[in-house]
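Heads up, the sequence shown stops at 194 in numbering that gives the first Met the number 0, and the numbers go up one at a time, no gaps.
By construction, the Cβ of each residue, glycine as well, lies at the ideal position given by its N, Cα and C atoms.
Computed from a predicted model, the values in this text were never measured in an experiment.
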Amino acid sequence: MNTEITERQQEIINVSLELIAESGIQSLTIKNLAKKIGFAESAIYRHYENKIQILLAILDFFKQNTEHFFSNQLNSNDNALIKIENLFQNHFKKFSTSPSLVSVIFSEEIFRNEVELTEKVKEIMNKNTASLKTIIETGQRNGEIRADIEASHLSVMIMGSLRMFVKQWHMTDYKFDLIEKGSEFINSIKILVKN
Numbered sequence: 000m001n002t003e004i005t006e007r008q009q010e011i012i013n014v015s016l017e018l019i020a021e022s023g024i025q026s027l028t029i030k031n032l033a034k035k036i037g038f039a040e041s042a043i044y045r046h047y048e049n050k051i052q053i054l055l056a057i058l059d060f061f062k063q064n065t066e067h068f069f070s071n072q073l074n075s076n077d078n079a080l081i082k083i084e085n086l087f088q089n090h091f092k093k094f095s096t097s098p099s100l101v102s103v104i105f106s107e108e109i110f111r112n113e114v115e116l117t118e119k120v121k122e123i124m125n126k127n128t129a130s131l132k133t134i135i136e137t138g139q140r141n142g143e144i145r146a147d148i149e150a151s152h153l154s155v156m157i158m159g160s161l162r163m164f165v166k167q168w169h170m171t172d173y174k175f176d177l178i179e180k181g182s183e184f185i186n187s188i189k190i191l192v193k194n
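Right, here's the structure in full:
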């Protein structure tokens with residue numbers, strides 16, 4: 000599948016995220032989208048078959064971003080704790096600049112009946128957790144991260160806490176500074192996992 004998206008497709012993704020931010024994921028319809036962008040529904044259908052295809056495009060957009068974050072950290076020479084901190088900070092920055100991404104990424108309950116969307120979210124989660132596990136295993140071998148807990152368990156705990164923390168921010172209608180409070184949160188995670 001071609002992952003290059005056109006300028007118009009990017010505009011549709013951006014406006015979809017705006018719609019979700021303003022009125023929730025349920026408000027994302029082709030009709031609402033066309034109205035907000037200011038062109039006919041048929042123009043959107045030329046780029047995306049339906050709402051599911053748009054949501055898949057948003058998830059792919061997020062997936063490419065996170066893969067970039069993770070590969071940068073996997074290839075860096077920093078110690079494992081710094082890599083974990085950088086990963087969290089990158090996620091917090093991405094979510095802060097595009098809060099509606101949270102509505103899409105963490106909507107697996109809405110996606111339950113949409114196999115393609117569920118599979119895409121699962122793919123992102125599995126890949127990110129596997130990359131984090133690799134970082135943790137290296138950190139354990141280097142004596143930077145505690146080795147008395149399995150790397151796979153630590154990666155789930157860390158990813159789960161990241162998810163919960165961002166979800167809290169989302170549920171409080173973004174009432175706190177995700178980057179600032181996120182730094183404090185990262186420090187707590189580092190205390191828990193360091194050797």
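- Do you know how far the Cα of Q139 is from the Cα of A146? 5 Å
- Query: If we ignore side chains and look at the alpha-carbon of each, how far apart do I225 and M156 end up?
  - Reply: This structure leaves residue 225 out entirely; the chain is present only between 0 and 194.
- Message: Using the three-state DSSP reduction, which class does I144 fall into: helix, strand or coil?
- Response: strand
- Query: Out of curiosity, what's the CA-to-CA distance linking V192 and D172?
  - Reply: 30 Å
- Message: Taking the beta carbon of M0 as the centre, do at least 16 other beta carbons fall within 10 Å, making it buried, or is it exposed?
- Response: Confidence at M0 is low in this model, with a pLDDT of 43, below 50, so its placement is unreliable and the value that follows should be read with caution. Label assigned to M0: exposed.
- Which residues in the same chain have their Cβ closer than 6 Å to the Cβ of L58, if we skip the five residues on either side of it in sequence? K119
- Query: Going by the CB atoms, is the gap between I134 and K82 shorter than 8 Å?
  - Reply: yes
- Query: Secondary structure at K30, three-state DSSP: helix, strand or coil?
  - Reply: helix
- Item | Three or more C-beta pairs below 8 Å linking the region 44-59 and the region 70-79 | no
- Can the beta-carbon of L18 be found closer than 8 Å to that of L116? no
- Query: Should I190 go down as buried or exposed, given a rule of 16 or more other Cβ atoms within 10 Å for buried?
  - Reply: exposed
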